[in-house]
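Shown next, in structure tokens, is the structure this report addresses.
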Amino acid sequence: MFKRLLLSIITIAMTVSAVPQPLLAAGAAPTPVPAPEAKGRIRAVIVAVAAYKEGIASPLLGTYNDAMLIAETLMRSGAKRDDLTILADKPSPELLASKGNPRLVSTEIKADAIATRDNILGALKKAAQDTRPGDEVLLSFSGHGVQQVEAVAGSEPDGLDEVFLPYDTGPPDANFTKVQNAVIDDEIGAAIDAIRSKGGNVTYIADFCHSGDSSRGTEGAAAVEPIEARLKLPPAKYASLTSAGFIRDLSGETQKGRAGWGAYVGMMAAPSPTQARQAMAPKSADRSEQMSHGLLSVYAMANWNNPRVVTYRDLANRITAGTDMYPGAPRPEFDGDVDRPLMGGLIKASAGGGSWAVYKPVTIDGKIDQLQMTAGQLQGVVPGTIVRLAIPGPQGDKTVLFGRVDKADANTAILVPVSFGDIPAERWADARVSDPSMTREMRLIATIEQQPVQLDYRVALPRVPSAPTPAQKAALAALAALKPADIGATLVPAGQDADLILKFEPEDKMSLRQPPGMVTASFGDIDLGAVMAAGGNDPELAMRLRVIGPALMKVARFSRLKKVLANPGLATSTEDGEDPAKALKVEFYVARPKPVAADAACPDTSADFYAVAKDATKIGGDGSEQGSFTFQRCDWLFVKFTNTGKADLYVNPLIFSPDGGILLFDGRDDRAGIKQDNPTRLRAGETGVLQYSLSDAEQGASLKDDLVVLVSDVTDGVPASYARLVQCPVVPGPEDGEACMKEAGVSLASTRLRSGGAGGTSVEDLIDSALIGSATRGGISKKPTAVSALRYSWRTQER
């Protein structure tokens with residue numbers, strides 16, 4: 000047994016952000032630990048400003064429609080009116096008349112109060128105080144926003160806070176040091192952290208930006224004067240605001256959280272420097288039924304009850320498909336645990352599968368020969384997969400085409416025409432279907448309809464003993480009953496060439512070994528005797544479903560994924576030549592603790608490290624310790640990631656451990672366990688640190704660790720997800736955590752993995768890095784995400 004403690008240590012707040020920048024400085028809140036998916040209440044604070052008290056900003060008629068639409072949608076989903084706090088002002092008859100009497104949503108819901116600064120902060124604080132574990136809390140803001148100088152020096156990489164302008168916003172003071180009554184991102188972030196610290200799960204909708212848009216009243220109208228000009232702020236000079244009192248109060252509330260932190264999903268109408276958009280919407284409605292709405296809010300709510308929308312990723316893809324229909328509208332951005340069930344599954348049952356984007360280009364005659372899908376083998380999309388392509392709508396998705404995956408690399412797939420169900424392949428010859436507008440560029444929603452069985456991994460059965468024990472007999476019966484499709488591998492007789500060799504060992508163990516000369520992993524031994532000792536009426540069934548079957552499936556999956564990521568044929572680039580990985584600087588450091596006895600456990604000093612340890616030595620890259628440094632038992636290895644570019648990046652560090660475990664780090668120091676989560680978002684200039692400790696190597700083996708860093712840009716707005724890659728070690732032990740011991744099959748990985756340890760590896764052999772792929776998803780004006788992969792590997796040898 001060999002152990003390695005892996006921890007994700009990030010020195011900035013990333014995925015917990017309520018807007019596209021960190022809302023709390025590192026260390027301002029306790030370590031977030033995923034909260035249990037307990038049943039809770041649906042609660043909300045809904046904020047909207049239509050007309051400003053002093054006329055400081057142009058009126059926004061669509062914000063009232065947004066607020067009422069969100070409230071009605073949540074109530075239809077099971078929320079109680081008493082659990083919703085609505086802060087909004089209804090446009091006056093005079094204001095409506097001055098705008099040509101546009102339609103407002105018809106509703107019996109009344110707002111609780113006007114969205115003043117005090118009311119907003121009071122509602123946020125009350126929401127935090129009343130949160131119980133398992134609550135689903137939605138926070139939405141519709142109105143005007145601006146950027147201003149950061150309230151806390153050094154808290155923002157660009158030096159700017161984002162602020163929301165409440166109803167009682169006043170002018171800046173004489174020195175332009177603050178905008179009166181503005182609500183800054185740090186305050187919203189403090190509220191989000193306080194709710195999450197008590198086990199509440201937060202959904203944040205930020206439908207505001209930096210300047211107004213009179214198209215909120217009528218689509219296509221001229222833009223109004225920018226808010227900065229209305230506030231008479233000088234060019235390139237923004238106001239600052241301190242908010243120590245409110246944040247200090249909520250930090251005290253945050254400290255009360257002891258049950259584990261809740262999840263977070265953020266939806267932002269537009270990137271930080273961009274103006275958001277409101278228009279007559281939604282497009283799917285009859286024009287006489289359309290109203291002025293924020294595009295983010297209206298398409299979120301229009302798809303909220305879509306039966307195919309189960310996760311926030313499903314919702315995000317459909318929101319983006321809606322906003323893409325408006326020329327010039329920015330794409331929304333999404334952060335947080337986007338693969339989480341919508342509102343924690345309180346409003347609809349969870350389902351597997353997931354959805355991705357397929358971009359249909361502009362065509363003259365509607366004819367299309369192939370389409371590219373923003374998912375590949377890492378998402379389970381392999382050649383032969385049948386994919387459904389649909390147009391999203393409030394009543395559900397309308398299927399327009401089916402495609403078959405002809406080729407697939409790690410992150411993309413090529414679809415070709417196929418007949419499936421009642422839709423013939425000939426439909427591809429005229430992709431306009433019944434809507435002539437389908438000749439234009441648009442985003443289709445792709446879901447897997449049918450997958451082929453992959454049987455390219457070979458497992459050699461164990462030789463049958465002359466006098467098998469009862470445990471061995473049960474294991475042989477279990478193997479005979481296994482179907483190749485159950486494990487994604489082909490079972491071959493003992494002695495034939497295979498990728499994995501099964502062998503009965505003494506004391507009723509069965510080993511899982513790679514062929515001699517090809518050993519880079521040690522998957523462990525299955526304790527057949529323990530299964531028999533557990534009792535039960537059918538030990539063969541228990542071994543097949545709970546032990547042998549899941550173990551073989553994980554081995555095949557682990558090996559297949561490593562092969563996909565190692566394929567040198569993936570070295571492509573985007574059409575514009577951009578490679579997101581070029582902006583990511585990766586550095587390696589090693590810290591060496593005090594010597595310990597050969598048979599003693601390595602000390603867990605991880606609590607001392609929230610960045611690269613001060614006494615750590617940099618290895619590789621700069622020539623330090625070149626040719627002389629070797630790993631020793633109990634060393635700590637630090638991997639530092641820095642975004643040196645000018646644009647945001649999503650960074651997904653994956654560890655492929657020699658025990659078959661796959662670990663995805665999500666930018667948080669989760670001391671109790673690694674949660675399947677979204678990618679870590681690194682803004683320009685931000686840094687994250689991954690750390691793990693090394694322990695004993697296996698005798699007689701040269702085990703290989705792989706660190707694969709998947710890097711993607713944020714062009715598409717919806718982050719590429721690799722959460723489904725995560726799995727526990729093939730044969731988990733108690734040190735791997737309770738989740739791994741209980742779950743069968745591909746299951747959640749724990750922070751404590753058993754792995755090969757420190758051998759005598761020189762620095763030249765420490766890291767054999769290679770850029771292994773940058774897959775294009777471009778070709779249209781609103782290109783989808785580009786993904787690159789960096790791979791670093793090292794071997795651990797016997798000392």
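Residues 0 to 798 in numbering that gives the first Met the number 0 are what the sequence shown spells out, letter by letter. By construction, the Cβ of each residue, glycine as well, lies at the ideal position given by its N, Cα and C atoms. This structure is a prediction, so every number in the text was calculated from the model and none was measured.
Considering only Thr616, Thr489, Pro594, the residue with the shortest C-alpha distance to Cys633 is Pro594. For Gly402, the enclosing beta strand (DSSP E) has its first and last residue at 397 to 407. Excluding residues up to 5 positions away in sequence, Val611, Ala615, Lys617, Phe637 lie with their Cβ nearer than 6 Å to the Cβ of Tyr588 in the same chain.
For the pair Met267 and Val46, the Cα-to-Cα distance works out to about 15 Å. Between Leu443 and Lys359, the C-beta gap is smaller than 7 Å, which places the two residues in contact. Taking all protein chains in view, the Cβ of Met517 is surrounded by fewer than 16 other Cβ atoms within 10 Å, so the residue is classified as exposed.
Nearest to Asp117 by alpha-carbon distance, out of Asp129, Val182, Ser105, Pro101, is Val182.
Here Gln495 is exposed. Its C-beta has fewer than 16 other C-beta atoms within 10 Å. Put simply, the backbone Cα of Ala127 is about 12 Å away from that of Glu135.
Distance between Ala269 and Glu504, taken at the CA atoms: about 60 Å. With fewer than 16 other Cβ atoms from the protein chains shown falling within 10 Å of its own Cβ, Thr106 counts as exposed. Exclusion of the five residues before and after Ala122 leaves Val44, Thr84, Leu86 as the residues of its chain whose Cβ lies within less than 7 Å of its Cβ.
Across the set Phe655, Ser711, Lys639, the C-alpha of Lys639 shows the shortest separation from the C-alpha of Thr686. Arg330 counts as buried, since no fewer than 16 other beta carbons sit within 10 angstroms of its beta carbon.
Trp427 sits in a helix when the DSSP states are folded into three classes. In the three-state reduction of the DSSP assignment, Ala49 falls in the coil class. By alpha-carbon distance to Trp635, the top candidate from Ala646, Asp65, Ala284, Val688 is Val688. Straight-line spacing of the CA atoms in Leu499 and Cys727 works out to 18 Å. A residue is called buried once 16 or more other Cβ atoms fall within 10 Å of its Cβ, and Asn642 is buried on that count. Distances from the CA of Val417 to each of Lys562, Ala555, Pro382 were compared; the closest alpha carbon is that of Pro382. About 6 Å separates the beta carbons of Glu448 and Val386, which is inside the 8 Å limit, making them a contact pair. Burial check for Asp647: the Cβ neighbour count within 10 Å reaches 16 or more, so the residue is buried.
Leu501 is not a Cβ neighbour of Leu540, given a cutoff of 7 Å.
Of the other Cβ atoms in all chains shown, fewer than 16 fall within 10 Å of the Cβ of Asn100; this residue is therefore exposed.
For Gly199, the closest C-alpha among the options Ile113, Phe163, Leu138 is that of Leu138. Taking the CA atoms as reference points, Gln378 sits about 13 Å from Arg312.
Nearest to Arg682 by C-alpha distance, out of Ser711, Phe655, Ala479, is Ser711. If the five residues before and after Ile41 are omitted, its C-beta is found closer than 7 Å to the C-beta atoms of Leu73, Ser76, Gly77, Ala78, Asp82, Glu135, Met342, Leu345, all from its own chain and listed in chain order.
For the 7 Å CB-CB criterion, Pro281 and Ala299 do not form a contact. In the three-state DSSP reduction, Tyr166 falls in the coil class, being neither helix nor strand. In terms of Cβ geometry, Ala520 and Pro652 do not form a close pair [threshold 7 Å].
Taking the Cα positions, Ala600 is about 12 Å away from Pro592.
Burial is judged here by how many other beta carbons sit within 10 angstroms of a residue's own beta carbon; Pro132 has at least 16 and is buried.
The continuous alpha helix (DSSP H) containing Met74 extends over residues 61 to 75. Taking every protein chain shown into account, the CB of Pro391 has 16 or more other CB atoms within 10 angstroms, so this residue is buried. Assignment of Asp334 by DSSP, reduced to helix, strand and coil, places it in the strand class.
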